[in-house]
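Visitor:
Protein chains in written order, with our numbering: chain D, 3 to 550; chain L, 60 to 414.
Written out as structure tokens, the structure is:
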């Protein structure tokens, strides 16, 4: 570019990098640093206490076991469902297509809540079976954790694997068969190795999500000690006095995720096969018993996935008195009470999420533009840092922000700004990934064409690049909005009284057993999530999943 | 009309010099083509003239004014790209009007000018369309109008025909050449296609490894290649190692030895000891009966015969194993495979070249 232009981009890069360092690197550094500090009361570093108290090691062990089990079960369900939908036609198959949406529109806290409404101690199913003298084992602890997390996370494996299978060149299988391999063996020996990296990548993603999961772990864990729960509890009880242990636990979680991501890089990087986009296999139409079985099994999975949504709607309109739900008796009381006497959490959610989405998308677009189109010596670091939040659980990020911005020149703790900051940082990778993938598809030549016609580089960005990116920005904004408004694990750490958001309010209501009222907020939250999706896809014809 | 002067220009990416101390003068109003294989630096040279690549050394002047460090948008260039680079969210009209609007010209003038240039490239009827609704050839016409409507000092074209199919390539090529002569604008045209370069250029600079290997009119580049590289890149050429017997005489002919015979060839300005290689194009060679011991002929055996309709192409192997390709016009080439023949070299069309 010209001599003056680079300085503009370098100044912007430096600014972006500075923001990332202040709001991301510094908090994480503080976290790690204070885990090595010596406590006033105990005279020990966090690590000494960590290794001497069985409680902490048990929590890590449990977290890893849960991670492995949920990853395995999610992978089995996700891969099977993906293979079946890619290769076979059966009745009700269209239902399976809505699966990616369910994870997007049902926040984890609501999934946990509605499962409790069905199978918890006071759940509909538990009580109606109890009436017939059938006692279900307690849903709290391992069974609940495994079942609920599996049905939240298998969609990630499903989406990742489906894309890989559809991209797989079926001619390779035909080639194997022409060389005398049976159809079953050719799937095993030809297709599986090729789609394996995609499966592994999404499985390991699930593992990191389980390790970082806060909502389900807290609401269903009960006596099972888990790292994220323990981190949160330690944070809550130690707030203000001795933040060492929470930092230590947060560091452990960072360490686990870092190792997982390293393994993922290593495994996936080693096993990547170059695949020329081939002809996908046409799905086989199934008939008779096999088709009925498949339709039944697939529908069951889909039904279980959408069950939370149905339960939520029913729960929101069910008569309640305190914690007691009068199933079958309908009432608008919970909804009325929420809208008339306590609408603040909803308004807070709208305000904070809207602000965060606006800031986040603006920042993401600029960062992506720098990283993709204006590479300089700073942009690799920016690129790396912008993706870093993917590897950090909300609880960890929240604690980092609180201990960093508690005092000092940026004392944000206690204000809405720290919630917005947490939102922006946590969801930034979505925005950046979306914007970058669009920018990679915009040839640099249209910018050069504009410059050659006499428009300076910065003006060119606004006149040429931004209009072309507009649909993708809108899509990214919708995705960012939906995930931001549902955010719980970071905001529940950084918020202070009076600044409750809808997910936080739901979390607190469930914790105190007020399920009916929680359902009302849950319904409102789902509406806030769905509305922009409907508007975007129906009225603006935006393809939300184009860059996934 | 603007003259472009380039003096000792160097462009480096890291340690590698893509353009290596290159000097050239592009006369005002010239259709100047940068020709060469990929990686020879031709696109980098064009982008340096445009201001999209930065010179690490040397000077670039437009009509004597130093442009080396002037930002691209202040150079007054028009640029046409291989991938058209039309703004996808703007209509054909708005695409062409873009540069005029940036110059804050009044609406009426814009409408008239855009209309006139769209007519000129034969796209007058498509003003309201979006680029996605146009064919490749139409897009490139619009891109040409967009570049020319701002009346730039120089027109820069980066492989503008490469994405088009063979037939369109010739059509658009002719439109570009006609329009360039009509407007009289200094044009720098980048291509790797020799036929394209020969067809449209006033002057061709054949580039190799960041330098200009040979500069001249199309006839000179094709008819008087100075190096083996040029002879080989443009058209087909037999490159044959020889021993120099006698350097250029008064008629500009040199005497060389090939196997047991001496041949007269064009000295081509090569000094003594400069070269031991001759270049002869297949269509400049003829075959004669082996017995006819004509002057300037070398014996060989027909190894392969390929009938191509309007000509027959032979591969003849000399006694030392050197293969020579000979094209003979006519529909019925009479030589058989295995036949011993004499390859006749035309002293005027056989060139001594530098290796």
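All C-beta atoms, glycine included, are put in the ideal place defined by N, C-alpha and C.
Just the C-alpha distance for residue 39(D) and residue 49(D), rounded to the nearest angstrom, thanks.
Guide: Mapped onto the first chain, residue 39(D) falls at position 37. Mapped onto the first chain, residue 49(D) falls at position 47. Those two C-alpha atoms are separated by around 9 Å.
Visitor: Measuring straight from C-alpha to C-alpha, what distance separates residue 124(D) and residue 474(D)?
Guide: In the first chain, counting from the first residue as 1, residue 124(D) sits at position 122. In the first chain, counting from the first residue as 1, residue 474(D) sits at position 472. In a straight line, the C-alpha of residue 124(D) is about 45 Å away from that of residue 474(D).
Visitor: The alpha helix (DSSP H) with residue 288(D) in it runs from where to where?
Guide: As a first step, residue 288(D) must be located in the first chain, where it is residue number 286. No alpha helix (DSSP H) holds residue 288(D); DSSP gives it neither H nor E.
Visitor: Per the contact definition of three or more C-beta pairs closer than 8 Å, is the stretch 290-303 of chain L in contact with the stretch 125-134 of chain L?
Guide: no
Visitor: Nearest-angstrom Cα distance between residue 385(D) and residue 260(D)?
Guide: Position 383 of the first chain, counted from the first residue, corresponds to residue 385(D). Position 258 of the first chain, counted from the first residue, corresponds to residue 260(D). Whole-angstrom Cα-Cα distance: 17 Å.
Visitor: In chain D, what lies closer than 7 Å to residue 158(L) by C-beta?
Guide: Residue 158(L) sits at position 99 when you count from the first residue of the second chain. The answer, in chain order, is 455, 456.
Visitor: Report all residues from its chain with a CB closer than 6 Å to the CB of residue 200(L); omit the five preceding and five following residues, and keep chain order.
Guide: One-based indexing of the second chain puts residue 200(L) at position 141. Hits under 6 Å: 180, 182.
Visitor: Apart from the five residues just before and just after residue 406(D), which ones in its own chain have a Cβ nearer than 7 Å to its Cβ?
Guide: For the purposes of this step, residue 406(D) is identified with residue 404 of the first chain, where counting begins at 1. 28, 29, 32.
Visitor: Using a threshold of 8 Å, state whether the C-beta atoms of residue 552(D) and residue 340(D) are closer than that.
Guide: The requested residue 552(D) is not part of the displayed model; chain D covers only 3 to 550.
Visitor: Could you name the residues of the same chain whose beta carbon sits closer than 7 Å to that of residue 369(D), not counting the 5 residues immediately before and after it, in chain order?
Guide: Translated into the one-based positions of the first chain, residue 369(D) becomes position 367. Cβ neighbours of residue 369(D) beyond the five flanking positions: 18, 384, 388, 434.
Visitor: Mind checking if residue 120(L) is an interface residue toward chain D, Cβ cutoff 8 Å exclusive?
Guide: Working through the second chain from its first residue, we reach residue 120(L) at position 61. It does not: the Cβ of residue 120(L) has no partner Cβ on chain D nearer than 8 Å.
Visitor: Using a Cβ-Cβ cutoff of less than 7 Å, which residues in the same chain neighbour residue 243(D) once the five nearest sequence positions on both sides are dropped?
Guide: In the first chain, counting from the first residue as 1, residue 243(D) sits at position 241. Confidence is the limiting factor: at residue 243(D) the pLDDT is only 48, short of 50, which leaves the residue's position unreliable, though a coordinate-based value still follows. Hits under 7 Å: none found.
Visitor: Taking only beta carbons into account, state which residues of the stretch 116-140 of chain L come closer than 9 Å to chain D, listed in chain order.
Guide: 128, 129, 130, 131, 132, 133, 134, 135, 136, 137, 138, 139, 140
Visitor: Give the interface partners of residue 13(D) over in chain L, defined as CB-CB distance under 7 Å, in chain order.
Guide: Along the first chain, read from residue 1 onward, the residue named residue 13(D) stands at position 11. The premise fails here: residue 13(D) is roughly 16 Å from chain L at the closest Cβ pair, so nothing lies under 7 Å.
Visitor: Compare the beta carbon distance of residue 259(L) and residue 232(L) with 8 Å and say whether it is the shorter of the two.
Guide: If you number the second chain from 1, residue 259(L) lands on position 200. If you number the second chain from 1, residue 232(L) lands on position 173. In contact: residue 259(L) and residue 232(L) (Cβ atoms closer than 8 Å).
Visitor: By the criterion of Cβ-Cβ separation under 7 Å, what are the contact partners of residue 448(D) in chain L?
Guide: Stepping through the first chain from its first residue, residue 448(D) is reached at position 446. Near residue 448(D) (Cβ distances below 7 Å), the residues of chain L are 144, 146.
Visitor: Residues of chain L with CB under 7 Å from residue 451(D), in chain order?
Guide: Indexing the first chain from 1 puts residue 451(D) at position 449. The contacting residues are 138, 140, 144.
Visitor: Output, in chain order, the set of chain D residues within a Cβ distance shorter than 7 Å of residue 404(L).
Guide: The sequence position of residue 404(L) within the second chain is 345, counting from 1. Chain D residues near residue 404(L): none, gap ~47 Å exceeds 7 Å.
Visitor: Tell me which residue opens and which closes the alpha helix (DSSP H) that residue 162(L) is part of.
Guide: Along the second chain, read from residue 1 onward, the residue named residue 162(L) stands at position 103. Premise fails: residue 162(L) is in no alpha helix (DSSP H) and is neither H nor E.
Visitor: If you draw a straight line from the C-alpha of residue 340(L) to the C-alpha of residue 287(L), how long is it?
Guide: Locating residue 340(L) in the second chain gives position 281, where the first residue counts as 1. Locating residue 287(L) in the second chain gives position 228, where the first residue counts as 1. Distance between the alpha carbons of residue 340(L) and residue 287(L): 12 Å.
Visitor: I believe residue 261(L) touches residue 121(L) by the beta-carbon criterion, under 8 Å. Please report the beta-carbon distance rounded to the nearest angstrom.
Guide: Here residue 261(L) corresponds to residue number 202 of the second chain, with the count starting at 1. Here residue 121(L) corresponds to residue number 62 of the second chain, with the count starting at 1. Not really, about 18 Å apart at Cβ, beyond 8 Å.
Visitor: Excluding the five sequence neighbours on either side, which residues of its own chain have a C-beta within less than 6 Å of the C-beta of residue 300(D), listed in chain order?
Guide: Translated into positions along the first chain, residue 300(D) becomes position 298. Within the same chain, residue 300(D) has close Cβ partners 98.
Visitor: Tell me, please, whether the CB atom of residue 91(L) is closer than 8 Å to any CB atom in chain A?
Guide: Absent here is chain A; the protein component of the structure consists of chains D and L.
Visitor: Could you give the uninterrupted runs of the beta strand (DSSP E) lying entirely in the stretch 177-202 of chain D, keeping only those of 3 residues or more?
Guide: none
Visitor: Starting from the beta carbon of residue 209(L), find every residue of chain D whose beta carbon is closer than 8 Å, and list them in chain order.
Guide: Stepping through the second chain from its first residue, residue 209(L) is reached at position 150. Those are 455, 456, listed as they occur along chain D.
Visitor: Return the chain-ordered ranges of every beta strand (DSSP E) run that is complete within the stretch 103-186 of chain L and spans a minimum of 3 residues.
Guide: 116-121, 136-139
Visitor: Using 10 angstroms around the beta-carbon of residue 1(D), count the other beta-carbons present and answer buried if the total reaches 16, otherwise exposed.
Guide: Any property of residue 1(D) remains undetermined from this structure, which presents chain D solely from 3 to 550.
Visitor: Check the Cβ of residue 470(D) against every Cβ in chain L and list those closer than 9 Å, keeping chain order.
Guide: Along the first chain, read from residue 1 onward, the residue named residue 470(D) stands at position 468. In chain order: 146, 147, 148.
Visitor: Alpha carbon to alpha carbon, how far is residue 414(L) from residue 280(L)?
Guide: Along the second chain, read from residue 1 onward, the residue named residue 414(L) stands at position 355. Along the second chain, read from residue 1 onward, the residue named residue 280(L) stands at position 221. Each residue's alpha carbon lies about 16 Å from the other.
Visitor: Alpha carbon to alpha carbon, how far is residue 94(D) from residue 365(D)? Give it in angstroms, no decimals.
Guide: The sequence position of residue 365(D) within the first chain is 363, counting from 1. The sequence position of residue 94(D) within the first chain is 92, counting from 1. Roughly 42 Å between the two C-alpha positions.
Visitor: Does the count of Cβ pairs from the stretch 511-531 of chain D and the stretch 310-321 of chain D closer than 8 Å reach three?
Guide: yes
Visitor: Ignoring anything shorter than 3 residues, give me the beta strand (DSSP E) runs that lie fully in the stretch 384-409 of chain L, in order along the chain.
Guide: 399-403
Visitor: I'd like to know if the stretch 351-358 of chain D and the stretch 69-83 of chain L are in contact, where contact means that at least 3 CB-CB pairs between them fall below 8 Å.
Guide: no
Visitor: Can you check the stretch 252-289 of chain L for any beta strand (DSSP E) of at least 3 residues that lies completely inside it and give the ranges in chain order?
Guide: 262-267, 270-275
Visitor: Can you name the residues of chain L whose CB is closer than 7 Å to the CB of residue 445(D)?
Guide: As a working note, residue 445(D) is residue 443 in the first chain. Those are 142, 144, listed as they occur along chain L.
Visitor: Where residue 292(D) and residue 195(D) are concerned, what is the direct C-alpha to C-alpha distance, given to the nearest angstrom?
Guide: Here residue 292(D) refers to the residue found at position 290 of the first chain. Here residue 195(D) refers to the residue found at position 193 of the first chain. In this structure, the alpha-carbon of residue 292(D) lies about 27 Å from that of residue 195(D).
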